[in-house]
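Residue numbers (my numbering), protein chains in the order written: chain A, 18 to 159; chain B, 18 to 159.
Below: the structure, in structure tokens.
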DNA sequence: GTCTTATTGATATCCATTATCAGTAAGGCT
DNA sequence: AGCCTTACTGATAATGGATATCAATAAGAC
């Protein structure tokens, strides 16, 4: 039971200036070329297979910071692992194929509105939601 | 795990008759008395603290079979752990407090309808969805 | 160039969950 | 009741994703 309400004081003056590294570029680029959602492990495998000598820990770190900075989107897959995707655009949701992993972006305004209304109605704050649809795409259904 | 030689199952159907054990009852009962969603670990802790000498593996096994049988509901929490809840009723969704863990049951007909429509429109089959809202409840907001 | 320190990466570690497997006991049978 | 099959249990090992550690490296400021 974790209750650490940690607020990571990234405020004001103590902001460490980010440094640009080829590793970060590599992760971002690899993310960008991926079709659907990918796990950190997959990404790392892909990178190393392409010759990159990036470390696994760095991939995790980079992905997390990307998500924190809103440059990537993440969701929890079937087995509980985190999946990532390039997504500097606005917030949206996905229709994901359990077979091939393809992810279709879907408009969820309706659902979003509903979600935030429900939360508000119950006096909840700091609201986030998880709205994703899983299934088998037309190809994989065969 | 290959059982090459001892398949022989002459029994009409391969459905192994379930046996009733105090362990299963204990898990089910503990689930029933829990307020919101609980993790397998929490449940096990609760049970052992109450004198029960049930094994952790059994708790996991039982919970999984409960979910498989539709007697329990499960979802993936913030840290990626599985959370369970007594829920033989029909499918529904939850508004979950990240602070205290309280789970409010919510009507999601709207969202569900939307989800299945979107999936169908894209030719997806075997569809399931993940619709949950997280936030801080009124109490924990303070 | 020199210095500071953010960042990296190999590895140890953590933690939830599952697999193993010998021992136990539920429940059918006689 | 006793027997027998085997579903079930539980201590523990193993798995696997993700994070922590920490010395070494290199980005960016001077």
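Glycine included, every Cβ here is placed at the ideal spot set by N, Cα and C.
DSSP places residue 91 of chain A inside the beta strand (DSSP E), whose first and last residues are 89–93. Along the region 32–64 of chain A, there is no position whose C-beta sits under 8 Å from a C-beta of chain B.
Considering only beta carbons, the part of the region 117–143 of chain A lying closer than 7 Å to chain B consists of 121, 123, 127, 128, 131, 132, 135, 136, 139, 140, 141, 142 and 143, in chain order.
Looking only at B/55, B/139 and B/84, the smallest Cα-Cα distance to residue 98 of chain B is reached by B/55.
For residue 90 of chain A, the nearest beta carbon of chain B is not closer than 7 Å to its own beta carbon.
Rounded to the nearest whole angstrom, the C-alpha separation of residue 72 of chain B and residue 61 of chain B is 8 Å.
Taking a C-beta distance under 7 Å as the contact criterion, residue 131 of chain B and residue 128 of chain A qualify as a contact pair.
Taking every protein chain shown into account, the CB of residue 152 of chain A has 16 or more other CB atoms within 10 angstroms, so this residue is buried.
When DSSP reads this structure, residue 152 of chain B sits in a beta bridge with B/114. In chain B, no part has a C-beta under 9 Å from the C-beta of residue 109 of chain A; the shortest such distance is about 12 Å.
Counting only residues of its own chain and dropping the five nearest sequence neighbours on each side, residue 69 of chain B has a CB closer than 7 Å to the CB of 43. Setting aside the 5 residues that flank it on each side, residue 120 of chain B is surrounded in the same chain by 53, 54, 111 and 113, each with a C-beta closer than 6 Å to its C-beta; the list follows chain order.
In this structure residue 118 of chain B is buried. Its beta-carbon is surrounded by 16 or more other beta-carbon atoms within 10 angstroms.
In terms of Cβ geometry, residue 77 of chain A and residue 57 of chain A form a close pair [threshold 7 Å]. Collapsing the DSSP output to three states places residue 144 of chain A in a strand.
Looking at the DSSP output, residue 123 of chain B bridges to B/110. When the beta-carbon positions are compared, residue 149 of chain A and residue 147 of chain B come within less than 7 Å of each other. By the C-beta density criterion, residue 79 of chain B is buried, having at least 16 other C-beta atoms within 10 angstroms.
The residue from A/50, A/136 and A/41 with its alpha-carbon nearest to that of residue 74 of chain A is A/41.
Sequence-distant Cβ neighbours of residue 91 of chain B in its own chain, meaning closer than 6 Å and more than five residues away, are 84, 99 and 101.
Membership of residue 103 of chain A in the beta strand (DSSP E) is indicated by the continuous run 99–103. Under DSSP, residue 56 of chain A forms a beta bridge with A/100.
A direct Cα-Cα distance of roughly 34 Å separates residue 93 of chain B from residue 37 of chain A. Secondary structure at residue 78 of chain B: helix, using DSSP grouped into helix, strand and coil.
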